[in-house]
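Visitor: For the sequence shown, this note's numbering gives the first residue as 1, with consecutive numbering after it. For each residue, glycine too, the CB sits at the ideal point set by N, CA and C. There's a structure below that I have some questions on.
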Amino acid sequence: MGRTLALSRQFVQRMVNDAYAAGLVEMRDNPRHRRSPLITLTSQGRAAITATLAREHAVLRDVGGDLTAADIDTCLRVLHHLGRPFVESDLDEAAPAPHVQS
């Protein structure tokens with residue numbers, strides 16, 4: 001999941017831990033990998049995602065109401081093009097950010 005979204009393993013683990021602590025996901029045994037549990041949404045997690053998507057759709061209707069399908073297709077193509085280098089790079093092996101002194 002993290003690689004698909006260009007997120008580090010550590011970030012994904014932190015988000016899963018937070019979601020678990022909030023009761024949004026549960027961890028189940030993974031028959032394919034003893035040390036990597038399967039993560040599934042709880043009913044509370046599904047409700048939270050449903051509510052979030054409903055809010056997002058309402059905002060998108062307001063924001064993009066005057067956009068045509070062609071406008072949206074163009075935007076998606078540009079965003080995909082701009083995001084490709086991030087998706088293709090392996091963020092887990094990237095060099096650490098330089099330290100900035102204040």
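Classify valine 128: buried if its beta carbon has 16 or more other beta carbons within 10 angstroms, exposed otherwise.
Guide: Nothing in the structure corresponds to residue 128, since the chain is present only between 1 and 102.
Visitor: Quick one: using the 10 Å Cβ neighbour count with 16 as the cut-off for buried, is leucine 24 buried or exposed?
Guide: Looking up residue 24 in the sequence shown gives position 24. Buried is the call here.
Visitor: Taking the continuous alpha helix (DSSP H) assigned at threonine 42, which residues delimit it?
Guide: Here residue 42 refers to the residue found at position 42 of the sequence shown. Run containing threonine 42: none; DSSP gives neither H nor E here.
Visitor: Mind reading off the beta-carbon distance from valine 87 to alanine 22? Whole number of angstroms is fine, and I expect it under 8 Å.
Guide: Within the sequence shown, numbered from 1, the residue matching residue 87 stands at position 87. Within the sequence shown, numbered from 1, the residue matching residue 22 stands at position 22. Their Cβ separation, rounded to whole angstroms, is 28 Å, which puts valine 87 and alanine 22 out of contact at 8 Å.
Visitor: At which residue ranges does the stretch 13-82 contain complete beta strand (DSSP E) runs of 3 or more residues, listed in the order of the chain?
Guide: As far as the stretch 13-82 is concerned, its whole beta strand (DSSP E) runs of at least 3 residues are 25-28, 38-41.
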